[in-house]
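K.L.:
Residue numbers (our numbering): 530 to 1009.
Yeah, the Cβ is synthetic: ideal placement off N, Cα and C, and Gly gets one too.
Take this structure first; my questions come after.
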Amino acid sequence: MKRNNVARSLENLIINKNLTLKDAMDKINQNHKGTVFVVDNQEKVIGTLTDGDIRRLLLSDYGLNTRIENHLMVDFKYIMFGEDIESVLQKLQVKYGKRIKIVPILDHNMRLVDCYESEAYTYVPISNPELQGNEFKYLVDAFLSTWISSTGEYITQFEEMFADYCNVKHGVAVSNGTVALHLAMLALDIGVGDEVIVPDITFAATINAVLYVGATPVIVDIEEEGWCINPIEIEKAITPKTKAIIPVHIYGQPCEMEQIMRIAKEHNLYVVEDCAQAHGATFQGKVIGSFGDIACFSFFGNKVITTGEGGMCLSNDSRLIEKIRLLKDHGMSKERKYYHTVVGYNYRMTNLQAAIGVAQLERIEQIHEMRYELEGRYRNGLLTSKRVELQKNNLSNRKKIVWLVTILVDDDKRDSCLSKLKEEGIDARQFFIPLSEMELYKEYTFSNRISKQIASRGISLPTTRDITDETINKIKDIIG
Ligand SMILES: *Cc1c(COP(=O)(O)O)cnc(C)c1O
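In structure tokens:
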């Protein structure tokens, strides 16, 4: 079975020298490799032809019906079957350089038996940072200023700009999103004996922050439509010990903040928004992060905007902000150097990171636009299939942003889709595993009926600017 597959895929890579440029283009179109190996009538590989070669020939006025024979690249690189690995590796690295994506492996009769493919060629990453604006300029500027550590103008600028963007009074830049959550717990004096309600679907940092301070997390179910924490379940899970709720705006989707804030007010609970996946999403026209007592953001490399590693706490309460500032900087007294008033942490961001952050924030609208557009292309490409359900983007009151384009497929097909995508070099990811399904956290489960069903169907697709229609079609073929 396996052999057959190999044979079939090799068949897609070879073309007879007597055929035409048009035939070669068809073949390349099928094999997605950007090249074909040209064989003679004895099936000996005698040269190669890439899509670039064909383009150049067409531009030099050769017609599509031109025979390949006289135009193939005869000076091609190949590996002899059985050649020792050292020499192969050396060839691939030194002689061939990075530009060779695919190299034929030939037997002694020069017949194709296999091929070597460099990973870079087929790999479609799940995300990559958008750094085409002033990122490099500001980074160099920060570097040349010698303020490369955790004080500097970019820090203050980034904090002010970001707080402003979210319509919140104050911001404190920190080393990452996880410590932002930890600091929020500390600032609100949440600790042993307190319960904190978290959604079953999130990245583990949310629940870990609760555990860091010795409090007890209470995991509740999500809503079927929005995939965010379900306000009804929050209300059911409240006990006299409940002290806070951490709504997570998951996959760019804002939570039902009106109901959550009403419940919090009624029961006198704090709200810490985990905004790590939804910079700029809005609920009733109000930017997320501006609802709760404290909002926590992440600027990790795969988030909507990034500083490499980084995070931020936002709050309108200057008392909480002062506390967070103290705690992130060793708990050291502002008035008296080296005099410590609380057990603090070193959770600071560097000026270099903040410089990148300022440049990212300048372009956040463009970045959102690019992501909406990409999601639109996926929607057009995938919606024709009844078996695929895209994340809802039209829930009332909520304007989501696109973080990772995420879809649901049939339960029993999900894992095979993921492994087929992987085989094609497409880095798709499974949905977050519900916290309640992990040994480490399951004792804290209150409810998880919907989260279980949805998570086992979810796939996040590569969400980067340069996804080609070809990749989208390939994905459609696999999951549709
Ligand atoms: C990424 C993420 C975090 C953690 O942020 P880091 O910067 O990676 O520490 C926390 N919560 C959620 C929901 C996240 O997606």
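Who are the Cβ neighbours of R628 in its own chain at under 6 Å, not counting the five residues just before and after it?
P.N.:
Low per-residue confidence applies at R628: pLDDT is 49, beneath 50, and the placement is therefore not dependable, though the value from the model is reported in the following sentence. So the list is empty, once near-sequence residues are dropped.
K.L.:
What does a CB cutoff of less than 6 Å around E785 pick up in its chain, not counting 5 residues either side in sequence?
P.N.:
The residues are P760.
K.L.:
List, from N- to C-terminal side, the alpha helix (DSSP H) runs of 4 residues or more that fit wholly inside the segment 725-758.
P.N.:
Whole alpha helix (DSSP H) segments, 4+ residues: 734-741.
K.L.:
Counting Cβ pairs closer than 8 Å, one from the segment 794-801 and one from the segment 972-984, do we hit at least three?
P.N.:
In short, these stretches do not touch, since the Cβ pair count stays below three.
K.L.:
Tell me which same chain residues have a C-beta within less than 7 Å of the C-beta of V701, skipping the five on either side of it?
P.N.:
Excluding residues within five positions, the ones whose Cβ falls inside 7 Å are E688, M841, C842, I850, I853, R854, K857.
K.L.:
Out of T707, D729, L587, G576, state which residue places its alpha-carbon closest to the alpha-carbon of M967.
P.N.:
Ranking T707, D729, L587, G576 by Cα distance to M967 puts D729 first.
K.L.:
Got a sec, what are the start and stop residues for the alpha helix (DSSP H) L715 sits in?
P.N.:
Start and end: 706-716.
K.L.:
Pick from V642, P658, P746: whose alpha carbon is nearest that of M714?
P.N.:
Closest by alpha carbon: P746.
K.L.:
How many angstroms separate the CA atom of V568 from the CA atom of V574?
P.N.:
Approximately 4 Å, taken between the alpha carbons.
K.L.:
Starting from F812, follow its DSSP beta bridges and name the residues at the other end.
P.N.:
DSSP, once it has assigned bridges, lists K815, R927 as partnering F812.
K.L.:
Put E968 into one of helix, strand or coil per three-state DSSP.
P.N.:
Note: E968 maps to coil in three-state DSSP.
K.L.:
Starting from H778 and walking both ways along the alpha helix (DSSP H), at which residues does that stretch end?
P.N.:
Segment: none, H778 is in no alpha helix (DSSP H) and carries neither H nor E.
K.L.:
Return helix, strand or coil for N875, following the three-state DSSP convention.
P.N.:
Note: N875 maps to strand in three-state DSSP.
K.L.:
Thinking H808 and I834 are a contact (beta carbons under 8 Å), I'd like their distance in whole angstroms, please.
P.N.:
Indeed they touch by this definition, with Cβ atoms about 6 Å apart.
K.L.:
Spell out the partners DSSP gives I544 in its beta bridges.
P.N.:
The partner list for I544 (beta bridge, DSSP) reads V567.
K.L.:
Would a C-beta distance cut-off of 8 Å place L587 and A553 closer than the cut-off?
P.N.:
Taking 8 Å as the Cβ cut-off, L587 and A553 do not qualify as a contacting pair.
K.L.:
By DSSP, does M609 sit in helix, in strand, or in coil?
P.N.:
Strand at M609.
K.L.:
Using only CA atoms, which one of H561, R640, I543, S704 lies nearest to E838?
P.N.:
Nearest C-alpha to E838: S704.
K.L.:
Using the C-alpha atoms, what's the distance from N638 back to G781?
P.N.:
Cα to Cα, G781 sits roughly 56 Å from N638.
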